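Undergrad:
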Amino acid sequence: MRPTDLLAERATLRRSVRLLGAFRFEQSDPARFYGALAADTAAMVAELWTGSTDSPAAGRTVCDVGGGPGYFSAAFDAAGMTYIGVEPDPREMHAGPAGRPGTGLFVRASGLALPFADDSVDVCLSSNVAEHVPHPWRLGNEMLRVTRPGGLVVLSYTVWLGPFGGHEMGLTHYLGGRRAAERYTRKHGHRPKNDYGSSLFAVSAADGLAWARSTGALIAAFPRYHPRWAWWMTAIPGWREFTVSNLVLVLRAS
Numbered sequence: 001m002r003p004t005d006l007l008a009e010r011a012t013l014r015r016s017v018r019l020l021g022a023f024r025f026e027q028s029d030p031a032r033f034y035g036a037l038a039a040d041t042a043a044m045v046a047e048l049w050t051g052s053t054d055s056p057a058a059g060r061t062v063c064d065v066g067g068g069p070g071y072f073s074a075a076f077d078a079a080g081m082t083y084i085g086v087e088p089d090p091r092e093m094h095a096g097p098a099g100r101p102g103t104g105l106f107v108r109a110s111g112l113a114l115p116f117a118d119d120s121v122d123v124c125l126s127s128n129v130a131e132h133v134p135h136p137w138r139l140g141n142e143m144l145r146v147t148r149p150g151g152l153v154v155l156s157y158t159v160w161l162g163p164f165g166g167h168e169m170g171l172t173h174y175l176g177g178r179r180a181a182e183r184y185t186r187k188h189g190h191r192p193k194n195d196y197g198s199s200l201f202a203v204s205a206a207d208g209l210a211w212a213r214s215t216g217a218l219i220a221a222f223p224r225y226h227p228r229w230a231w232w233m234t235a236i237p238g239w240r241e242f243t244v245s246n247l248v249l250v251l252r253a254s
């Protein structure tokens with residue numbers, strides 16, 4: 001079985017439409033948005049684990065780097081996995097259901113310097129974080145360091161030149177990141193939460209693939225929100241920068 005076989009069966013157009021539709025509620029109804037994303041993420045990780053190891057994911061330990069509020073904890077708990085959330089911002093950590101983190105273990109720390117021993121978790125996940133740190137591949141290397149041999153690193157991030165690269169700035173990021181942030185500030189009277197150059201950076205698909213291949217650990221790469229029949233886009237240089245809205249890199253630690 002290939003690592004993505006189980007996920008590919010579920011990667012339908014209906015799933016894509018459902019997930020992309022949830023993004024409309026990120027600001028107005030976070031529970032609706034994060035709940036849907038968390039459930040799909042937990043299923044994706046479990047399917048990648050089973051496809052890679054031919055064993056169930058239940059009972060495995062997941063370190064979620066930049067996990068934010070407790071929605072992801074609840075989703076992984078429902079999947080039978082032990083959850084460790086890493087989040088540098090206490091406001092994000094307590095923004096989940098009832099204003100409290102979920103049932104897993106939560107640690108306040110930076111993903112660029114994870115406070116865990118080498119080879120200490122089965123899966124290290126980072127969902128939509130790499131584009132928010134100035135050194136995304138240092139983050140990736142830390143994730144590999146703490147993952148046990150045979151375990152998985154799942155690094156998923158928003159590609160800058162894709163349609164969602166600008167986050168709440170919309171498609172104005174095609175004018176340039178700094179110009180888009182200034183335009184947003186003039187329109188709304190405050191800086192965007194994902195502010196180019198400080199909390200949002202231009203991360204390309206090419207750079208992510210180059211880093212993952214350089215480690216010798218890459219076993220799969222695919223567009224997270226696309227149906228299976230559109231996964232071929234990841235293989236086309238240039239084209240993938242604009243069409244792969246979110247790239248998933250799957251690495252097996254050694």
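Letter 89 of the sequence shown, counting from 1, is numbered 89 in UniProt numbering, and no numbers are missing.
Note that CB positions come from ideal geometry on N, CA and C, so glycine has one too.
Everything numeric in this text was worked out from a predicted model, so none of it was measured.
1) Given 8 angstroms as the limit, is there contact between the region 57–70 and the region 123–131, that is, 3 or more CB pairs closer than that?
2) Take every Cβ of the region 148–166, pair it with every Cβ of the region 45–63, and state whether three or more of those distances are shorter than 8 angstroms.
3) Under the three-state reduction of DSSP, which class applies to ARG2: helix, strand or coil?
4) Could you tell me the alpha carbon to alpha carbon distance between TRP231 and PHE222, rounded to whole angstroms?
5) Exposed or buried, what is GLU9 when buried is set at 16 or more other beta-carbons lying within 10 Å of its beta-carbon?
6) For HIS167, which residues from the same chain have a beta carbon less than 6 angstroms from its beta carbon, with the 5 sequence-adjacent residues on both sides left out?
7) Among the candidates VAL203, HIS135, ARG186, whose CA atom is the shortest distance from the CA of TYR157?
8) Should LEU7 and ALA22 be called a contact, given that it needs their Cβ atoms to be closer than 9 angstroms?
9) Decide yes or no for the touch test of the region 177–193 against the region 207–219: beta carbon pairs closer than 8 angstroms, at least 3 of them.
10) What is the rounded straight-line gap between the Cα of THR12 and the Cα of ASP5?
TA: Looking at the atomic coordinates:
1) Yes, the region 57–70 is in contact with the region 123–131.
2) yes
3) coil
4) 6 angstroms
5) exposed
6) ASN194
7) VAL203
8) no
9) no
10) 13 angstroms
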